[in-house]
Amino acid sequence: MFLGLNLFFFFGIYQQLILKTPFGSKPTSNNFLIITCSVFLLVTVFFFYLKLKTRIDKTGIYYRFSPIQSKFKIIKWETIKNVQVIKYKPITDYGGWGIKLNSYTVKGNIGILFEFKNGKKFLIGSQKKNEATRVLETYKNKLS
């Protein structure tokens, strides 16, 4: 999506500044066109560097969205009733990708679903299904 918008604005800049032909039926100023293109380019670069990092160890599951969150959040084993690696439908099940109240996802349709002792559920997306399954099996004995 952002790539298409970037190309659209780059074409607008090319047409208006290089070819000296107004871009659109009601062309905007050159400065506004350049600023808008720059903003979309920065947003695209930001999303390119956005990563969901996950770590699982004997204490629990650590996760964070880098570079938005500088510190890992933790889900401790003692708060979890059940955990499993699942295939899900990002748009219909969780309203798309990103940071949500009940999910942290970036891309794909594989995730680690947590069912907590308080009845709530939380999903963390993963691109490493086999590795996540193997590591969770190692620590399933931590669930009480």
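Take 11 as the starting number for the sequence shown in the numbering used here and just add one per residue. Beta carbons: idealized from backbone N, C-alpha and C, even for Gly. Just so we're clear, the structure is a prediction, and the values are computed from it rather than from any experiment.
For Leu153, the three-state secondary structure derived from DSSP is coil. At a Cβ-Cβ threshold of 8 angstroms, Ile66 and Leu146 count as neighbours. DSSP, reduced to helix, strand and coil, places Thr115 within a strand of the structure shown. The alpha-carbon of Phe21 is positioned some 9 angstroms away from that of Phe33.
Taken through DSSP and simplified to helix, strand or coil, Ser48 comes out as helix.
In the structure shown, the three-state DSSP call for Asn128 is coil.
By the neighbour-count criterion, in which a residue is buried when 16 or more other Cβ atoms sit within 10 angstroms of its Cβ, Val53 is exposed. Counting the other Cβ atoms within 10 Å of the Cβ of Pro77 gives fewer than 16, which makes it exposed. Excluding its 5 nearest sequence neighbours in each direction, Ile109 has C-beta neighbours in its own chain below 7 angstroms: Phe75, listed in chain order.
Out of Gly135, Tyr149, Lys152, Arg144, the CA that lies nearest to the CA of Thr64 is found in Gly135.
Restricting attention to beta strand (DSSP E) runs no shorter than 3 residues, the stretch 25–105 encloses them at 61–66, 70–76, 83–86, 90–97, ordered along the chain.
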